[in-house]
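Novice:
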Amino acid sequence: MVKSAYFHIPFCAQICYYCDFNKVFFHGQPVDEYLEAMENEMKWTVEAFPTDRLDTLFVGGGTPTVLEMKQLDFFLQNIYKHFRFSIHEVEFTFEANPNELSKEKLQLLKEAGVNRLSFGVQTFDDSLLKAIGRTHRYEDVMKTIALAKEIGFENISIDLMYGLPQQTLAQFQADLEIAFSLDIQHISAYSLIIEPKTIFYNLMRKGKLPLPTEEEEAQMYEEAMRQMEIHGYHQYEISNYARPSFESRHNLTYWNNEEYYGIGAGAHSYVGGVRRANIKPINKYIETVQETGFPYLEVHHVTVSEQMEEEMFLGLRKTEGVSKQRFLEKFGMSVHDVFGRAIAAEKQKGLLEETQTHIRLTHRGKLLGNEVFQAFIAESKH
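The UniProt record's numbering puts the first residue of the sequence shown at 1, with every later residue one more than the last.
1) Identify which residue in Phe94, Asn40 and Met204 has its Cα closest to the Cα of Tyr61.
2) Which of the three DSSP states, helix, strand or coil, is assigned to Val2?
3) Ignore the nearest five residues each way along the sequence and tell me which others in Gly266's own chain have a CB closer than 7 Å to its CB.
4) With which residues is Ala277 paired in a DSSP beta bridge?
5) I'd like to know whether the C-beta atoms of Ser269 and Tyr261 end up nearer to each other than 8 Å.
6) Would you check if the distance between the CB atom of Leu314 and the CB atom of Tyr254 is smaller than 8 Å?
7) Could you pull the start and end residues of the beta strand (DSSP E) that Val121 belongs to?
8) Grouping DSSP H, G and I as helix and E and B as strand, with all else coil, what is Leu72?
9) Mind reading off the beta-carbon distance from Gln185 to Ile156? Whole number of angstroms is fine, and I expect it under 8 Å.
10) Apply the 10 Å Cβ neighbour rule to Gly152 and answer buried if 16 or more other Cβ atoms are within range, or exposed otherwise.
11) Taking 8 Å as the cut-off, decide whether the C-beta atoms of His358 and Gly321 are in contact.
12) Below 6 Å CB to CB, which residues in the same chain sit around His382 once its five sequence neighbours on both sides are set aside?
13) Give the C-beta separation of Thr65 and Glu41 to the nearest angstrom, bearing in mind that I take them to be a contact with Cβ-Cβ under 8 Å.
14) I'd like the list of long-range same chain contacts for Ala375, defined as Cβ closer than 8 Å, with 5 residues on each side in sequence excluded.
15) Please identify the residue among Asp183, Glu47, Val90 and Glu36 whose C-alpha is closest to the C-alpha of Lys70.
16) Sorted by chain position, which residues of the same chain lie with C-beta nearer than 8 Å to Asp140's C-beta, five sequence neighbours on each side aside?
17) I think Thr288 touches Pro295, with their Cβ atoms under 8 Å apart; what is that distance to the nearest whole Å?
18) Distance check for Leu106 and Ala148, CA to CA, integer angstroms please.
19) When you compare each of Phe373, Glu354, Asp175 and Glu258 to Leu54 by their alpha carbons, which one comes out closest?
20) Going by Cα to Cα distance, which pick from Ile377, Leu328, Gly340 and Glu371 is closest to Glu309?
As structure tokens, then:
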């Protein structure tokens with residue numbers, strides 16, 4: 001039964017140099033038509049794949065908070081119209097840019113039951129923010145988070161990035177120190193990944209992107225893990241840290257390989273053992289929803305062997321790892337029956353360890369996570 005829903009708002013006031021998400025400039029776009037198409041998709045989705053109650057909702061982008069008040073209100077009302085959830089028990093997250101949230105918008109979100117904010121901070125260093133194409137500055141973050149707290153938000157998360165062009169370990173340490181001073185509940189810390197079709201990718205190909213070395217990046221990751229622990233943030237996933245009981249329940253849906261709706265252009269869903277990817281271009285998305293109700297670009301029926309692979313490489317992202325009992329209950333086979341060879345090989349390399357109940361990454365394994373995940377995709381092909 002589906003318990004989670006993701007909503008994609010693909011509009012941005014500015015395109016960041018590293019971002020490869022499905023997004024477009026806000027101005028001059030058919031925003032109202034897009035929100036109407038999303039409503040249609042919500043309606044059709046719930047009719048085709050009914051569920052009794054959602055536990056998590058997540059609105060991402062793009063920048064959802066770039067919507068004007070009226071648009072934001074229309075969008076939120078549509079969520080209430082088509083989905084059932086308990087306002088007291090749901091985790092309802094909105095992504096936001098620190099310089100785009102007025103007091104009015106924050107109040108509107110709060111009144112609409114949004115109870116978790118996720119701010120794309122990336123760094124507190126103004127020169128680095130400028131270098132990665134962000135429009136906000138250090139002061140914006142401080143003001144907006146103070147305002148969100150004043151309005152009554154008690155579950156606030158920020159994203160930080162490391163491995164940025166010309167970023168030093170000392171700069172990243174300073175970022176962590178400021179993050180801890182904010183007294184927030186959740187911090188994500190991701191390394192910069194250079195994706196095709198981004199400004200950074202083009203610069204890198206021309207040899208004009210001075211990035212830290214792999215060793216420096218690994219030091220930044222080690223520093224994040226060490227400092228988070230000291231400051232009371234438990235690492236529950238490779239890049240995510242939370243105060244006790246403030247883990248992102250929505251993101252755990254993905255890592256636990258559970259089902260979820262995905263609404264909007266370029267959104268992905270996983271329902272009834274089928275993964276679906278929506279059409280990305282905004283106008284094409286609107287047109288297809290109007291014609292058919294469903295904007296699917298790809299529909300993939302996940303085989304049992306693919307489900308087992310996903311269980312491993314998604315589950316190993318969590319610090320608790322993959323539950324042997326859960327694997328057995330889900331697939332009727334033990335994890336060792338299916339992946340015995342890969343588990344033994346990765347344990348021998350010191351990248352995996354095993355407890356009575358779980359198989360998980362070692363400290364070294366966290367630094368080489370992708371290498372470990374690859375082993376399970378290769379293993380099931382034998």
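Cβ atoms here follow ideal geometry from the backbone N, Cα and C, with glycine treated the same way.
Specialist: The relevant details are as follows:
1) Residue identity differs from the one stated: residue 61 is Gly in this sequence, not Tyr. The shortest C-alpha separation from Gly61 is found at Phe94.
2) Coil, per DSSP.
3) Exclusion of the five residues before and after Gly266 leaves His8, Pro10, Asn22, Asn278 and Lys280 as the residues of its chain whose Cβ lies within less than 7 Å of its Cβ.
4) Residue pairing by DSSP places Ala277 opposite His268 and Glu298 in a beta bridge.
5) Their beta carbons are under 8 Å apart, which means Ser269 touches Tyr261 by this criterion.
6) Contact: yes.
7) For Val121, the enclosing beta strand (DSSP E) has its first and last residue at Arg116 to Gln122.
8) It is helical.
9) Yes, Gln185 and Ile156 are in contact; Cβ-Cβ is about 6 Å, under 8 Å.
10) Result: exposed.
11) The criterion of a C-beta distance shorter than 8 Å is satisfied by His358 and Gly321.
12) A caution first: His382 carries a pLDDT of 44, below 50, which makes its placement in the model unreliable, though a value can still be read off. By the criterion of a C-beta distance shorter than 6 Å, His382 is surrounded by no residue of its chain, once the five residues flanking it on both sides are discounted.
13) Their Cβ separation, rounded to whole angstroms, is 21 Å, which puts Thr65 and Glu41 out of contact at 8 Å.
14) Spatial neighbours of Ala375 in its own chain (CB-CB distance under 8 Å, excluding positions within 5 residues in sequence) are listed in chain order as Ala342, Ala345 and Glu346.
15) If we check each option's Cα against that of Lys70, Glu36 comes out closest.
16) Taking Asp140 as the centre and dropping the five residues before and after it, the same chain places the C-beta of Pro98 and Asn99 closer than 8 Å to its C-beta, in chain order.
17) The Cβ separation is near 5 Å, so the contact holds.
18) About 7 Å.
19) Residue Glu258 is the option with its Cα nearest to Leu54.
20) Here the closest residue by C-alpha is Ile377.
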